[in-house]
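Protein chains in written order, with my numbering: chain A, 1 to 337; chain B, 1 to 337; chain C, 1 to 337; chain D, 1 to 337.
Number of protein chains: 4
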Amino acid sequence: MIIVLKPKVAKKDEAAVLKEIKRLGYRPHIMRGVAHTVIGAIGDERTHRTLEVLASWPQVESVMPVQKRHKLVSREAHPTDSTINVAGLLIGGKKFQVMAGPCSVESEKQLLITAHAVKRAGATLLRGGAFKPRTSPYEFQGLGQKGLKLLAKARKETGLPIITELLSEQHAGLVAEYADILQIGTRNAQNFQLLIAAAKTGRPVLLKRGLSMKIEEWLLAGEYILANENPNLMFCERGVRTFETYTRNTLDLSTIPIIKKESHCPIVIDPSQGAGRADLVVAMCKGAVAMGADALLIEVHPNPAEAWSDGAQQMTLEGFARLMDELKPFIGAAGRE
Amino acid sequence: MIIVLKPKVAKKDEAAVLKEIKRLGYRPHIMRGVAHTVIGAIGDERTHRTLEVLASWPQVESVMPVQKRHKLVSREAHPTDSTINVAGLLIGGKKFQVMAGPCSVESEKQLLITAHAVKRAGATLLRGGAFKPRTSPYEFQGLGQKGLKLLAKARKETGLPIITELLSEQHAGLVAEYADILQIGTRNAQNFQLLIAAAKTGRPVLLKRGLSMKIEEWLLAGEYILANENPNLMFCERGVRTFETYTRNTLDLSTIPIIKKESHCPIVIDPSQGAGRADLVVAMCKGAVAMGADALLIEVHPNPAEAWSDGAQQMTLEGFARLMDELKPFIGAAGRE
Amino acid sequence: MIIVLKPKVAKKDEAAVLKEIKRLGYRPHIMRGVAHTVIGAIGDERTHRTLEVLASWPQVESVMPVQKRHKLVSREAHPTDSTINVAGLLIGGKKFQVMAGPCSVESEKQLLITAHAVKRAGATLLRGGAFKPRTSPYEFQGLGQKGLKLLAKARKETGLPIITELLSEQHAGLVAEYADILQIGTRNAQNFQLLIAAAKTGRPVLLKRGLSMKIEEWLLAGEYILANENPNLMFCERGVRTFETYTRNTLDLSTIPIIKKESHCPIVIDPSQGAGRADLVVAMCKGAVAMGADALLIEVHPNPAEAWSDGAQQMTLEGFARLMDELKPFIGAAGRE
Amino acid sequence: MIIVLKPKVAKKDEAAVLKEIKRLGYRPHIMRGVAHTVIGAIGDERTHRTLEVLASWPQVESVMPVQKRHKLVSREAHPTDSTINVAGLLIGGKKFQVMAGPCSVESEKQLLITAHAVKRAGATLLRGGAFKPRTSPYEFQGLGQKGLKLLAKARKETGLPIITELLSEQHAGLVAEYADILQIGTRNAQNFQLLIAAAKTGRPVLLKRGLSMKIEEWLLAGEYILANENPNLMFCERGVRTFETYTRNTLDLSTIPIIKKESHCPIVIDPSQGAGRADLVVAMCKGAVAMGADALLIEVHPNPAEAWSDGAQQMTLEGFARLMDELKPFIGAAGRE
């Protein structure tokens with residue numbers, strides 16, 4: 001920690017700061033500049049209590065941490081890329097993966113048609129929501145366990161592993177029984193009890209970025225998974241909230257090189273939520289592939305206009321097949337298969 | 001719903017939109033303007049399926065809802081102000097309430113000293129965290145049940161009712177056993193399963209605004225409480241996330257007149273989280289009182305520099321007593337007691 | 001400046017950083033922590049070249065400035081509050097000032113009716129736009145010089161000094177001829193050439209905060225006024241851009257204690273732009289007064305529904321008179337007149 | 001315009017709205033829904049006065065525009081892509097263009113070395129700032145006319161056309177004399193007087209997106225160029241301001257498909273400002289190419305660590321050459337040359 005004192009601080013006020021630094025187990029190191037005295041507090045910032053409280057002392061101007069707070073998810077902890085084995089598929093490896101399927105599981109017919117179609121087009125995993133977090137209590141909340149069973153059936157028929165959302169600690173066992181990957185949604189990205197429950201199931205976890213989550217907070221939320229002894233974490237960018245109203249969210253593709261730099265975990269891009277409009281999804285997928293994403297998560301529906309949730313952002317089966325074709329040269333250019 | 005068609009849409013494309021509108025149970029009403037044809041879809045937007053999916057149709061330019069999505073929390077549902085009876089205290093009535101106490105319960109001594117001091121200064125409820133949601137898994141997570149027991153002891157000694165945070169569905173029964181008000185934190189503001197669990201305990205619920213939650217989303221999250229048959233909801237503004245880095249969050253005091261206009265539920269202001277700096281809290285409290293807030297939620301600690309969490313934003317006991325004095329003329333000017 | 005090196009940097013890479021620090025005129029001071037080596041670069045950060053470029057060196061983790069970049073606007077430069085004398089009125093003194101009038105000057109009748117009415121209600125300055133910055137080139141751009149002449153006439157009739165917007169360097173002389181205070185609008189808050197031109201007229205300058213301007217940037221924009229030898233600067237908060245769509249902007253009232261803490265210049269609040277809705281303005285004015293603002297800037301129009309610009313946010317004459325009455329107890333509570 | 005009345009509005013209040021709609025030249029069309037009466041105001045929203053003021057009437061719930069406010073920049077006005085001829089180069093055509101060079105022109109040597117190097121690596125235009133808008137008045141403000149002369153010299157030696165920033169109306173003639181493209185910077189994106197002055201020089205204009213500018217506002221700012229009879233406009237995304245602090249700005253690559261959809265003007269991506277970090281620029285360039293950008297604007301410096309401005313975001317000459325190589329397969333995959 002670096003503690004910057006205000007200009008012209010009295011000796012006794014400086015001494016009080018030094019005493020407090022020592023009390024919390026750090027070793028102080030004084031540096032006198034032209035305008036300010038700066039104190040370095042030497043010690044492990046992750047095991048010692050934080051010194052940020054000093055910022056409220058009248059003689060202190062600012063307190064700046066030096067060390068990063070994430071450990072297990074960090075690139076330093078694991079210099080090579082991690083890969084996650086999902087029923088034989090590797091996420092984070094040379095092969096580019098595509099997770100596709102409906103926003104919500106609505107019926108056996110809707111799900112099976114979609115599953116076969118996305119498989120034919122080249123998708124390698126099937127997505128579909130059985131439990132849905134909805135802004136209003138009056139909106140469709142998902143088919144629940146019935147939806148999970150339909151997903152299992154679709155997996156059996158197509159061989160595609162399943163990713164589905166977990167939104168209650170109390171469903172962790174149930175959802176893990178059916179799903180190959182547990183998805184933690186945006187609104188639960190800092191629901192730490194849910195993160196712990198998800199980690200403990202042992203299933204791979206896809207952690208979406210919160211609506212206005214800083215990179216550092218996202219890494220630390222991921223740390224909850226690894227610190228609970230589940231190494232199979234992937235991050236998923238799905239757009240953040242900004243002032244812009246043209247799109248539902250602003251997809252932050254810079255997260256791809258940033259996550260690659262800071263962490264060893266795979267990064268997945270969800271352009272459907274990001275754009276909120278199917279007509280922008282194609283360009284965003286191309287960008288994600290070119291920038292080095294490990295996988296895409298795409299909403300596909302046999303008839304988006306009839307979808308029970310988020311129809312505006314779901315692609316048609318034909319649109320998805322066309323997209324998969326158009327992505328090929330970019331996957332090649334990015335050195336992937 | 002209002003559906004705006006693109007300029008110069010073919011008759012058959014217009015007919016397809018009309019057909020879909022009817023299929024979903026609305027009655028279409030056509031209006032031909034100079035550049036666009038606009039279709040009003042007449043029907044109850046809260047019971048019918050949404051038409052927003054039409055926005056993805058190529059012939060449609062935009063879809064605009066006409067009706068508000070919140071019902072039970074709305075001012076129309078309950079034209080007079082709701083009041084919440086908490087162990088005899090009325091929140092939302094003529095008397096202005098002050099909830100004060102430490103960010104985290106750390107020890108019996110710390111809690112009791114604070115409880116007595118804030119009571120002496122005029123606080124009417126005691127706040128204190130027993131379960132703490134922390135950005136990093138390596139930070140202090142609260143004393144848990146031991147903290148709840150200390151809160152109950154402080155209540156017994158001072159007579160102050162208790163407000164404390166609920167952050168896991170699985171703790172709902174336990175926390176409700178001790179607390180007079182359940183607090184739902186910012187990071188769980190759209191953890192709908194937790195909202196339902198909180199509502200079902202029957203305890204009054206204080207719902208903090210999410211980090212980047214729109215007013216409409218906040219009202220709808222509150223709707224989860226009332227729709228689960230718990231009428232005792234209060235909203236709590238604690239600052240939203242913006243680009244500004246001087247303060248930890250940007251306290252949005254305009255929520256006071258907005259919530260008063262849109263809803264009948266009380267509005268509480270938490271300036272400690274908003275500012276993230278004790279030295280700004282005093283001015284923010286004055287503003288909140290003047291603008292018509294029903295209560296304040298303030299972090300107070302006997303020694304902020306030694307606090308185990310968020311020390312920088314906690315006031316000292318003396319600072320709090322001074323604040324309560326300074327607030328008096330503003331409480332009077334606002335027509336409160 | 002504080003330069004944090006990455007963990008385990010080679011000696012020669014550390015030496016390169018030290019060499020560069022010296023080359024730019026700073027004296028390096030090394031501090032070896034448990035994980036990182038931290039280098040303090042001692043020297044005046046305002047006269048030396050910035051070291052932030054080091055952040056792009058591979059061996060460097062981060063670079064943190066220690067000194068504040070603003071000088072003349074800072075509280076340290078002038079520990080007591082500055083007051084600005086505008087035709088005998090003091091802004092920033094014990095007397096609370098209210099600037100009121102129409103968004104745009106539209107006609108002699110509209111302006112004079114408003115000017116007399118706001119004076120009667122207690123306003124002490126007259127606002128009115130003659131040159132209007134408009135989002136679209138097809139919107140009303142103001143009456144220009146004709147508007148300035150009408151403002152001068154209204155001043156003559158009522159005795160109220162005038163504040164009006166300057167939006168072109170080329171109009172600086174012209175507008176300064178008529179106006180008592182030059183207003184720099186939000187969209188020009190970092191139009192540094194305009195700031196310089198405004199400063200050089202010698203007229204007091206009211207600098208609105210940019211749409212997404214950080215406090216530090218705002219202070220530095222103000223520095224352009226003082227550094228060009230014009231001491232008469234006031235800051236004006238008018239709402240920042242956030243994700244919220246209920247209001248046009250989010251009025252950040254925390255700027256009042258922050259500007260008071262960081263600077264000696266007066267702070268004015270413009271709730272009309274902030275709220276974008278006349279029905280929220282009253283509460284915001286009360287909050288601003290209670291929090292210690294020096295003045296309000298309020299849009300008032302004899303018939304808002306017929307206004308040529310921003311009608312939705314303008315108050316009626318009666319609404320304004322009522323507001324002035326309601327503000328009195330809060331002005332008293334805040335220790336103002 | 002669509003005007004939504006509040007539920008249960010009295011007949012006379014409805015009549016007042018209808019009267020006002022007619023007074024402003026629209027033809028009202030009434031639609032009675034289950035909860036609300038909705039009025040369509042039929043007429044050209046671009047030539048008639050706006051009805052948004054009605055939003056402040058007590059009987060009105062909301063007012064929604066139906067028509068887009070931009071005309072000349074819109075895709076409807078010009079269904080095929082516009083191309084801009086800059087000294088024989090076409091921007092917006094099949095050939096992908098790269099504008100590269102230093103943030104600021106610092107010296108003849110620095111500029112010429114860079115110009116030759118970026119040309120060798122494949123850049124097709126030279127960028128360099130002669131007038132620099134700086135957050136603080138104490139920072140380097142550019143070499144001014146001397147910088148322009150150096151740019152002209154570099155053009156003569158390399159044949160690369162020049163793009164440089166215009167930041168004062170009073171320099172419009174001077175800068176246009178030297179520059180092939182005038183750049184309008186982020187902080188001046190809604191400095192409408194500058195936009196008009198730039199348009200009138202007849203030079204092509206590159207309009208950067210403002211720090212927190214909505215797409216609609218950006219299109220309307222562009223409209224100022226075309227409405228002043230200059231058809232040669234290109235938009236340039238350079239990152240918007242969000243809550244994230246890891247990068248300096250959040251580069252919004254979704255602007256590429258959005259601008260392509262809404263407008264016929266070319267779109268250029270500036271990843272240097274967006275990332276604020278040279279180490280992220282490479283991935284962002286790949287994404288921009290894949291998503292269909294027409295050109296890149298990249299900061300390159302022979303020795304970023306010694307740069308007089310924004311060193312952290314400038315690439316080295318070697319880095320730039322490597323980038324150009326790595327971009328080739330993506331340019332091919334995107335169907336460009």
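Every residue, glycine too, gets a C-beta built ideally from N, C-alpha and C. Note that this is a predicted model, so its numbers are computed, not measured.
Item to check | Buried/exposed call for A/Asn303, threshold 16 Cβ in 10 Å | outcome: Within the first sequence, numbered from 1, the residue matching residue 303 of chain A stands at position 303. The residue is exposed, with fewer than 16 neighbouring Cβ atoms inside 10 Å.
Checklist entry - By the criterion of Cβ-Cβ separation under 8 Å, what are the contact partners of A/Met213 in chain C? => result Numbered from 1 along the first sequence, position 213 holds the residue referred to as residue 213 of chain A. Chain C residues near A/Met213: none, gap ~13 Å exceeds 8 Å.
Checklist entry - List, in order along the chain, the chain B residues whose C-beta lies closer than 9 Å to that of C/Lys71? => result Position 71 of the third sequence, counted from the first residue, corresponds to residue 71 of chain C. Those within 9 Å of C/Lys71 in chain B number zero; the least Cβ separation is about 18 Å.
Checklist entry - Are there 16 or more other CB atoms within 10 angstroms of the CB of B/Thr158, so buried, or fewer, so exposed? => result For the purposes of this step, residue 158 of chain B is taken as the residue at position 158 of the second sequence. It counts as buried.
Next on the checklist: Can you tell me whether B/Asp340 is buried or exposed? The criterion is at least 16 other CB atoms within 10 Å of its CB, across all chains shown.
Outcome noted: With chain B represented from 1 up to 337, any question about residue 340 of chain B goes unanswered, as that position is not in the structure.
Checklist entry - Whose Cβ in chain D lies nearer than 9 Å to the Cβ of A/Thr242? => result Translated into the one-based positions of the first sequence, residue 242 of chain A becomes position 242. The contact set of A/Thr242 on chain D, defined by CB atoms closer than 9 Å, consists of Ser212, Val240, Arg241, Thr242, Phe243, Thr250 and Asp252 in chain order.
Checklist entry - Can you list, in chain order, the stretches of the alpha helix (DSSP H) that have 4 or more residues and sit fully within the segment 146-228 of chain A? => result Runs of the alpha helix (DSSP H) inside the segment 146-228 of chain A: 172-178, 192-200 and 215-227.
Item to check | CA-to-CA distance, D/Leu220 to C/Gln110, given in whole angstroms | outcome: Numbered from its first residue, the third sequence carries residue 110 of chain C at position 110. Numbered from its first residue, the fourth sequence carries residue 220 of chain D at position 220. The straight-line gap from Cα to Cα measures roughly 29 Å.
Item to check | Any chain B beta carbon closer than 8 Å to A/Gln145 | outcome: Position 145 of the first sequence, counted from the first residue, corresponds to residue 145 of chain A. So, not an interface residue.
Item to check | Backbone CA spacing between D/Arg120 and D/Val289 [nearest angstrom] | outcome: Numbered from its first residue, the fourth sequence carries residue 120 of chain D at position 120. Numbered from its first residue, the fourth sequence carries residue 289 of chain D at position 289. Approximately 20 Å between the Cα atoms of the pair.
Item to check | C-beta atoms of D/Glu165 and D/Gly202 nearer than 8 Å | outcome: Here residue 165 of chain D corresponds to residue number 165 of the fourth sequence, with the count starting at 1. Here residue 202 of chain D corresponds to residue number 202 of the fourth sequence, with the count starting at 1. In this structure, D/Glu165 lies away from D/Gly202, with their beta-carbon atoms at least 8 Å apart.
Checklist entry - Between A/Lys214 and D/Glu237, is the Cβ-Cβ spacing less than 8 Å? => result Within the first sequence, the letter at position 214 stands for residue 214 of chain A. Within the fourth sequence, the letter at position 237 stands for residue 237 of chain D. D/Glu237 is positioned such that its CB atom lies no closer than 8 Å to that of A/Lys214.
Checklist entry - Got a sec, what are the start and stop residues for the beta strand (DSSP E) D/Leu233 sits in? => result What you label residue 233 of chain D is simply residue 233 of the fourth sequence in a count that begins at 1. Segment Leu233 to Glu237, the beta strand (DSSP E) holding D/Leu233.
Item to check | Assigned secondary structure, D/Met99 (DSSP; H/G/I helix, E/B strand, else coil) | outcome: The residue you call residue 99 of chain D lines up with position 99 of the fourth sequence. D/Met99 falls in the strand class under three-state DSSP.
Item to check | Neighbourhood of B/Ala41 by C-beta, 7 Å cutoff - its chain only, sequence neighbours within 5 removed | outcome: As a first step, residue 41 of chain B is located in the second sequence; it is residue number 41 there, counting from the start. So the qualifying residues of the chain are Met1, Ile3, Ile21, Tyr26, Pro28 and Leu51.
Item to check | CB contact flag (A/Ala283, D/Pro257, <8 Å) | outcome: On the first sequence, residue 283 of chain A is found 283 positions in, with the first residue counted as 1. On the fourth sequence, residue 257 of chain D is found 257 positions in, with the first residue counted as 1. Their beta carbons are under 8 Å apart, which means A/Ala283 touches D/Pro257 by this criterion.
Checklist entry - Quick one: Cα of D/Ala278 to Cα of C/Trp57, how far? => result Within the fourth sequence, numbered from 1, the residue matching residue 278 of chain D stands at position 278. Within the third sequence, numbered from 1, the residue matching residue 57 of chain C stands at position 57. Roughly 10 Å between the two C-alpha positions.
Checklist entry - In chain D, what lies closer than 9 Å to B/Val9 by C-beta? => result The residue given as residue 9 of chain B occupies position 9 in the second sequence. Result: empty, since nearest Cβ-Cβ is about 13 Å, beyond 9 Å.
Next on the checklist: Between A/Glu217 and chain B, is the shortest Cβ-Cβ distance under 8 Å, so that the two count as touching?
Outcome noted: In the first sequence, the residue the question calls residue 217 of chain A occupies position 217. So yes, A/Glu217 belongs to the interface.
Checklist entry - For D/Met64 versus D/Leu296, is the C-beta spacing smaller than 8 Å? => result The sequence position of residue 64 of chain D within the fourth sequence is 64, counting from 1. The sequence position of residue 296 of chain D within the fourth sequence is 296, counting from 1. No. Outside cutoff.
Item to check | C/Gly129 in three-state terms, based on DSSP | outcome: The sequence position of residue 129 of chain C within the third sequence is 129, counting from 1. Correct three-state label for C/Gly129: strand.
Item to check | Short CB-CB distance (under 8 Å) between C/Pro271 and chain D | outcome: In the third sequence, counting from the first residue as 1, residue 271 of chain C sits at position 271. So no, C/Pro271 is outside the interface.
Checklist entry - Applying a beta-carbon distance threshold of less than 7 Å, which residues of chain D neighbour C/Thr135? => result Start at 1 with the first residue of the third sequence, and residue 135 of chain C comes out as number 135. Chain D residues near C/Thr135: Glu217 and Leu220.
Checklist entry - Smallest Cα separation from B/His171: which of B/Gly292, B/Lys149 and B/Gly144? => result Taking the second sequence and counting its residues from 1, one reaches residue 171 of chain B at position 171. Measuring from the Cα of B/His171, the nearest candidate turns out to be B/Gly144.
Checklist entry - Counting Cβ pairs, one atom from each stretch, are 3 or more of them under 8 Å apart for the segment 184-199 of chain C and the segment 222-242 of chain C? => result The segment 184-199 of chain C makes contact with the segment 222-242 of chain C, as at least three CB pairs between them are under 8 Å.
Next on the checklist: Please confirm whether D/Gly287 has its beta-carbon closer than 8 Å to some beta-carbon of chain A.
Outcome noted: Residue numbering aside, residue 287 of chain D sits at position 287 when the fourth sequence is read from its first letter. For D/Gly287, the nearest beta carbon of chain A is closer than 8 Å to its own beta carbon.
Item to check | N- and C-terminal bounds of the beta strand (DSSP E) containing B/His78 | outcome: Within the second sequence, the letter at position 78 stands for residue 78 of chain B. Annotation: B/His78 is outside any beta strand (DSSP E) and is labelled neither H nor E by DSSP.
Checklist entry - D/Glu223 versus chain C: which residues are under 9 Å apart at the beta carbon? => result Taking the fourth sequence and counting its residues from 1, the one referred to as residue 223 of chain D is at position 223. Neighbours of D/Glu223 across chain C, judged by C-beta separation under 9 Å: Ser136, Pro137 and Tyr138.
Item to check | DSSP three-state assignment for C/Val60, whether helix, strand or coil | outcome: In the third sequence, the residue the question calls residue 60 of chain C occupies position 60. The three-state reading of DSSP puts C/Val60 in strand, counting E and B together.
Checklist entry - Using a C-beta cutoff of 8 Å, does D/Glu76 count as contacting chain B? => result The sequence position of residue 76 of chain D within the fourth sequence is 76, counting from 1. For D/Glu76, a Cβ of chain B is located within less than 8 Å of the residue's own Cβ.
Next on the checklist: Counting only C-beta atoms, is A/Leu24 closer than 8 Å to chain D at any point?
Outcome noted: By 1-based counting over the first sequence, the position of residue 24 of chain A is 24. Using beta-carbon distances, A/Leu24 does not count as an interface residue toward chain D, since no partner is under 8 Å.
Item to check | Selection from B/Ser212, B/Leu112, B/Leu24 and B/Met291 that minimises the alpha carbon distance to B/Arg241 | outcome: Position 241 of the second sequence holds residue 241 of chain B. It is B/Ser212.
Item to check | Three-state secondary structure assigned by DSSP to B/Arg134 | outcome: Taking the first residue of the second sequence as position 1, residue 134 of chain B is located at position 134. Coil at B/Arg134, not helix or strand.
Next on the checklist: Does B/Asn249 pass the burial test, meaning 16 or more other C-beta atoms within 10 Å, or should it be called exposed?
Outcome noted: The count along the second sequence starts at 1 and reaches residue 249 of chain B at position 249. With 16 or more other Cβ atoms within 10 Å, it is buried.
Checklist entry - Which residue or residues does DSSP assign as beta-bridge partners of B/Gly40? => result Indexing the second sequence from 1 puts residue 40 of chain B at position 40. Its beta-bridge partners are B/Ile2 and B/His29.
Next on the checklist: Please list, in chain order, the residues of the segment 25-53 of chain D that have any C-beta partner in chain B closer than 7 Å.
Outcome noted: Contact residues of the segment 25-53 of chain D toward chain B are His29, Met31, Gly33, Val34, Ala35, His36, Val38, Gly40, Ile42, Gly43 and Asp44 (C-beta to C-beta distance below 7 Å).
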